Every structure is written in structure tokens, then in C-alpha cells.
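Before any comments, here is the structure.
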Amino acid sequence: MRSVNLIVVHCSATREDRDFTEYDLDTCHRRRGFDGPGYHFYIRKNGDIKSTRPIERVARTPKGSTAKA
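Count along the sequence shown from 1, then add 22; that gives the number in our numbering.
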């Protein structure tokens, strides 16, 4: 397993009154040209934690921090 020394927390910036699932995240990121969800985990509004990207794959994070996250 690769070494991880940085955890980045993103906000999905979706409407509070709309349910946004890990499947919606996948669709959104693919429309932006990603090869799937850019995040390793997605926390739903109800607190459920969903695994969305294998740890072995580098996350899509802010420029300059990708290789560390």
C-alpha cells in the first residue's frame, strides 16, 4: 500500500434539501472528465461513509497535493 500523509476534506456544495448520493458524485465527476469519483470516501448527509475510490489510486485533489493524498 502506498504511503498517505495528507487527508483532504471536500464539500460537495450541493443543495441542503437535495439528497446527493455516491452515484450522483460518480456521475458528476465523470461529466467533468474524471475516470470515476475523485475522492476515496464520500460521507452522505445521514453520516454513512461510502468507499468510492480504491486507496491504491491517487485522489483528485487540489493542485499540488494530489500525490500525497
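Even glycine gets a Cβ: it sits at the ideal position worked out from N, Cα and C.
All values derive from a computational prediction rather than experimental measurement.
Beta-carbon to beta-carbon, A81 and H62 are separated by about 6 Å, close enough to satisfy the 8 Å threshold.
For E44, the CB contacts under 8 Å within the same chain, skipping 5 residues up- and downstream, are P59, Y64, R66, K72, T74 in chain order.
With a threshold of 16 other beta carbon atoms within 10 Å, L28 falls short and is exposed.
A direct Cα-to-Cα measurement between D48 and D41 gives close to 14 Å.
In the three-state reduction of the DSSP assignment, Y61 falls in the coil class, being assigned neither a helical nor a strand state. Spatial neighbours of R24 in its own chain (CB-CB distance under 8 Å, excluding positions within 5 residues in sequence) are listed in chain order as I77, E78.
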